[in-house]
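Protein chains in written order, with the working numbering: chain S, 111 to 220; chain V, 71 to 188.
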Amino acid sequence: SQKIEQNSEALNIQEGKTATLTCNYTNYSPAYLQWYRQDPGRGPVFLLLIRENEKEKRKERLKVTFDTTLKQSLFHITASQPADSATYLCALGGSYIPTFGRGTSLIVHP
Amino acid sequence: GAVVSQHPSWVICKSGTSVKIECRSLDFQATTMFWYRQFPKQSLMLMATSNEGSKATYEQGVEKDKFLINHASLTLSTLTVTSAHPEDSSFYICSAKKGGTNDINEQFFGPGTRLTVL
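See the structure below:
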């Protein structure tokens, strides 16, 4: 069956460190992958999109990698700040409507 | 930017009543809108895809007679939860895309509506 796996346990890190979140998938062949940020009680906010033929994408302190062989995307936030604390969702897309993972909660401690 | 609003942001209703939730794209025309529901610590579950001027496409297991969707214009879609029951209590989120359903465009999400059915 198709699965999108994001670590259900919260990631706790210290301010200034790099946060790395993982999105693994099985039985999908996505044409692209997206990362969203969701704050409690709010709708998701789009952050980055990476296509299947791209290995890496950057935007300011954010970096996303996409390994279609490993069926994995890594989402990095460098120089993390307490304001980065939120839930981060990955979504797979292609010839179908994007499907979301459960998200991983990131907590950045001052 | 592209802004999507939802109204109301929260609603409490009695069991058996109907509730309408509005989703508006404020500064762009949305050919396609999506409706999701999200339970605590769960992923967004797609309920239906709505294209302006045509009937919504519902995901498997979603009752179309219970969750009525109307996409009357390029900037407005409504979700009506009919005869709501406590198990319908959830966080309902809409999103809008500028392109077609399968275009690689980002989705712009609304802030969500918290529905509580007593």
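Ideal Cβ placement from N, Cα and C applies to all residues, glycine included. These figures come from a predicted structure and were not determined experimentally.
CB-CB length for residue i against residue j, believed under 8 Å
i       : j       : result
I91(V)  : L149(V) : 5 Å
Y142(S) : G204(S) : 7 Å
T188(S) : T128(S) : 5 Å
L199(S) : P140(S) : L199(S) to P140(S), Cβ: 14 Å. No contact.
K169(S) : L158(S) : 6 Å
E166(S) : K173(S) : 7 Å
Sequence-distant residues of the same chain with beta carbon closer than 6 Å to residue i, five excluded per side
i       : result
G182(V) : F161, I163
R161(S) : Y142
S120(V) : M103, A126, I139, H141, S147
T136(S) : K113
R94(V)  : S75, T145, L146
Y138(S) : Q112, L202
7 Å Cβ cutoff met for residue i and residue j
i       : j       : result
P208(S) : F179(V) : no
T197(S) : S183(S) : no
V151(V) : V73(V)  : no
V132(V) : H155(V) : no
L116(V) : Y128(V) : no
P220(S) : E115(S) : no
A217(S) : N117(S) : Position check: residue 217(S) holds Ile in this sequence, whereas Ala was assumed. No. Outside cutoff.
W145(S) : F185(S) : yes
A166(V) : A118(V) : no
Identified DSSP bridge partners for residue i
i       : result
F137(V) : V151(V)
K90(V)  : T150(V)
M103(V) : S120(V), A166(V)
T130(S) : H186(S)
N163(S) : In DSSP, N163(S) forms no bridge with anything.
Beta-carbon proximity list for residue i, same chain, < 7 Å, skipping 5 on both sides
i       : result
D158(V) : V151, L185, V187
F98(V)  : A72, K168
R152(S) : none
Under 7 Å from the C-beta of residue i: neighbouring residues of chain A
i       : result
G131(V) : Judged by its chain identifiers, the structure shown contains no chain A, and its protein chains are S and V.
The stretch 179-190 of chain S: which residues have C-beta closer than 9 Å to a C-beta of chain V, in chain order?
-> none
Anything in the stretch 147-161 of chain S with a Cβ closer than 8 Å to a Cβ of chain V? List those residues in chain order, please.
-> G151, R152, G153, P154, V155, F156, L159, R161
Proximal residues, the stretch 175-186 of chain V versus chain S, C-beta separation under 8 Å | E176, Q177, F178, F179, G180, P181, G182, R184
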